[in-house]
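In the numbering used here, the protein residues as written are 474 to 785. Even glycine gets a Cβ: it sits at the ideal position worked out from N, Cα and C.
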């Protein structure tokens, strides 16, 4: 919102595009919220990493950031916008997620999204804060239980969420198989749950999602710093159909988890595989079926602190 080009982009909604905004929330005054609504923005996602101000401010590096973010959420809801609360889950706030979801409900948020930690850029110094596979499954089970309560859509960027959803779907005839959308499956079509999860679930990088940078460069995902083309020179459809990397990402049989029974509905996070192992098609260490890779990682050189935390 600091950029003078922000409102030019936001007004793309007038051309019929679905426009959403992800923000820290600190600059969302009553005036800004009203203008977002006026130009046609449909959804705003605000990052809040803890129900406790001091932890959020410490993580963000700005004193008062938590109060400003909360104020931003309230301003957005006041004008009737759909709002999501996004939390990057680490060992620092893992046990606070129930409080975080309660806060989201109290503020009238429409969605809560638990983001994986992907240690890119300055985040490389934070790898010791990542969750172990067992902690992640425990988290995903809890998120699903909160989602099933209703009143708040609860999602995760972890591809394994599709597997957790399938585990519960037979009882409720519902599924939350993708990161940011809720699907309801009528009882008479309950057999379609796996097919839907396979089509829509798991890692979306290069499959049903790409990132376009400010200069037109296309990446498979905002967390995958791999350039696969430029829309200003090549056009998006040409890139999508002809990029070897995007085609590889859509081929779940090419990954390190080739024998996994859930490879078509999950597939692991390709960004995490790339960041941790330098292999785009390598294992995602957060997967419970890849626990040996997590153990190797925490025992690896330079990750002694991870091993210490993982043992807790």
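What is the rounded straight-line gap between the Cα of residue 495 and the Cα of residue 770?
For residue 495 and residue 770, the distance between alpha carbons rounds to 32 angstroms.
Confirm, please, whether the CB-CB distance from residue 679 to residue 739 is below 7 angstroms.
no
When you compare only the Cα positions, how much space is there between residue 749 and residue 585?
26 angstroms
Integer-rounded CB distance, given that residue 743 should sit under 8 angstroms from residue 722
Indeed, because the Cβ distance is near 6 angstroms, the residues count as touching under 8 angstroms.
Tell me whether the beta-carbon of residue 520 lies closer than 7 angstroms to the beta-carbon of residue 497.
For the 7 angstroms CB-CB criterion, residue 520 and residue 497 form a contact.
Put residue 678 into one of helix, strand or coil per three-state DSSP.
strand
Grab me the residues of residue 760's own chain with a C-beta within less than 7 angstroms of its C-beta, minus the 5 sequence neighbours each way, in chain order.
The answer, listed in chain order, is 606, 633, 741.
Rounded to whole angstroms, how far is the Cβ of residue 576 from the Cβ of residue 524, which I believe are closer than 8 angstroms?
5 angstroms
Where the alpha helix (DSSP H) containing residue 611 begins and where it ends
606-622
Does DSSP classify residue 786 as helix, strand or coil?
The structure shown does not extend to residue 786, since the chain spans only 474 to 785, so no value can be given for it.
Would you call the segment 481-495 in contact with the segment 528-543, where contact means no fewer than 3 C-beta pairs closer than 8 angstroms?
The segment 481-495, when compared against the segment 528-543, does not touch it at the 8 angstroms Cβ threshold.
Under the DSSP definition of a beta bridge, which residues are partnered with residue 517?
494, 556
Have a look at residue 418 and residue 627 and give me their C-alpha separation to the nearest angstrom.
The structure shown has nothing for residue 418, since the chain only spans 474 to 785.
Please state the DSSP three-state secondary structure of residue 697.
strand
Should residue 651 go down as buried or exposed, given a rule of 16 or more other Cβ atoms within 10 Å for buried?
A caution first: residue 651 carries a pLDDT of 49, below 50, which makes its placement in the model too unreliable to give a value.
Straight-line CA distance for residue 580 to residue 546?
8 angstroms
With 16 other CB atoms within 10 Å as the buried threshold, where does residue 479 fall?
Within 10 angstroms of the beta-carbon of residue 479 lie fewer than 16 other beta-carbons, which makes it exposed.
How about residue 501 and residue 566: are their beta carbons less than 7 angstroms apart?
no
What does DSSP give as the partner residues of residue 684 in its beta bridges?
692
Candidates 630, 610, 618: closest to residue 591 by CA position
630
Just the Cα atoms here: how many angstroms apart are residue 706 and residue 713?
13 angstroms
6 angstroms Cβ shell around residue 541 - same chain, five flanking residues per side excluded:
499
Could you tell me the boundaries of the beta strand (DSSP E) in which residue 629 lies?
626-629
Do residue 703 and residue 690 have their beta-carbon atoms positioned less than 7 angstroms apart in this structure?
yes
Could you check which residue in 765, 758, 763 has the C-alpha nearest to that of residue 589?
758
Please report the straight-line C-alpha distance between residue 624 and residue 578, rounded to a whole angstrom.
8 angstroms
Residue 720 - DSSP class collapsed to helix/strand/coil
helix
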